[in-house]
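Here's the structure we're looking at; comments come further down.
Numbering (full-length UniProt numbering), first residue to last: 1 to 331.
Pasting the structure below:
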């Protein structure tokens, strides 16, 4: 099982398995696209691998079944279409079945992904799981994933092994995409790596022309429009997302990263520390924006993302945001 980057969480889990101190309750947190579910499957394979070296061998029957998503002792909880876990359908059965022996492996693993998306039941889910997490059966492991550690209850945090995911290097992103998309031109791979900025999930979405591709285009277009100094260009760029709430929100979040880079470049920051999808655009923008202006714009965009989340009218939001941007830049 190939996994790129985040060697420290894997090393920690591997050492615990080698010392016969297998973790039974694990929390994996980090932004979308960093590979939380991939790491969860890697840990499941490491725990169940027939060779018991602390890492998945990728060759034994168990590892191959886990890689194919077909092992009876690795179970992934299912949320509904809105991301919420229905506790009677997917969570209480885990608690009831946890003491039952595995089907064929030495352990069984329950993976409960994207818990942060279960807005309606996130607290209830944790309270129900608490008993199993406090006193897990020897043959059972539970792995929770979420974008932020902040959504977890203190009683959960204190009882689990917490693993934080970080961005990978450009070289690791490149290697992953080349392995996954051998027929794609190197120039397109490089373009995706530049857009993803160390987030392999984002790189994949960019290559597959999903919404992230359009969000990057919106953020870069907004940066270019601001560099042109024309308020109409800003408004025209924003109106591409009129009626498209999710696109506008993600595009503005990416634009915030460009503003962050712009402020950093203005203050003499290193280009290697860039976090945005438009490093060169941020450099250009830094020549016309002061660091204070960039910070003010960042805060304004944050406010408007909040308005989008509050279901404000998208057309009115776009018009108002364009005016606010102009009030700061005077362009």
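All residues carry an ideal CB built from backbone N, CA and C; glycine is no exception.
All of these numbers come straight from a predicted model, not from anything done at the bench.
Contact between the region 131-145 and the region 95-115 (3+ Cβ pairs under 8 Å): yes
Length at least 4, wholly inside the region 27-66: the alpha helix (DSSP H) runs in chain order: 36-48
7 Å Cβ cutoff met for residue 4 and residue 172: Residue mapping note: residue 4 aligns to position 4 of the chain shown, counting from 1. Residue mapping note: residue 172 aligns to position 172 of the chain shown, counting from 1. Their beta carbons are under 7 Å apart, which means residue 4 touches residue 172 by this criterion.
Sequence-distant residues of the same chain with beta carbon closer than 6 Å to residue 133, five excluded per side: The count along the chain shown starts at 1 and reaches residue 133 at position 133. Excluding positions up to five away in sequence, the list reads 25 and 159.
Bridge partner(s) assigned by DSSP for residue 262: The residue given as residue 262 occupies position 262 in the chain shown. In DSSP, residue 262 forms no bridge with anything.
Run of the beta strand (DSSP E) containing residue 278, from where it starts to where it stops: For this step, residue 278 is matched to residue 278 along the chain shown. It is not in any beta strand (DSSP E) - residue 278 carries neither H nor E in the DSSP assignment.
Minimum C-alpha distance to residue 213 - residue among 254, 180 and 231: Stepping through the chain shown from its first residue, residue 213 is reached at position 213. Residue 254 is the option with its Cα nearest to residue 213.
Expected contact under 8 Å - CB spacing of residue 220 and residue 312 to nearest Å: Here residue 220 corresponds to residue number 220 of the chain shown, with the count starting at 1. Here residue 312 corresponds to residue number 312 of the chain shown, with the count starting at 1. That belief does not hold up - the Cβ atoms of residue 220 and residue 312 are roughly 25 Å apart, past 8 Å.
CB contact below 7 Å: residue 291 versus chain B: Of the protein chains in this structure there is only one, and it is not chain B.
Short Cβ contact (7 Å threshold) for residue 165 with residue 6: The residue given as residue 165 occupies position 165 in the chain shown. The residue given as residue 6 occupies position 6 in the chain shown. Yes, these two residues count as a Cβ contact at 7 Å.
Unbroken beta strand (DSSP E) run spanning residue 333, endpoints: This structure cannot speak to residue 333, because the chain is shown only from 1 to 331.
Best match in 275, 108, 243 and 286 for proximity to residue 268 [C-alpha to C-alpha]: Your numbering for residue 268 matches position 268 in the chain shown. Of 275, 108, 243 and 286, the residue nearest in Cα terms is 286.
Straight-line gap, residue 58 to residue 315 (C-alpha atoms, nearest Å): Numbered from 1 along the chain shown, position 58 holds the residue referred to as residue 58. Numbered from 1 along the chain shown, position 315 holds the residue referred to as residue 315. The straight-line gap from Cα to Cα measures roughly 51 Å.
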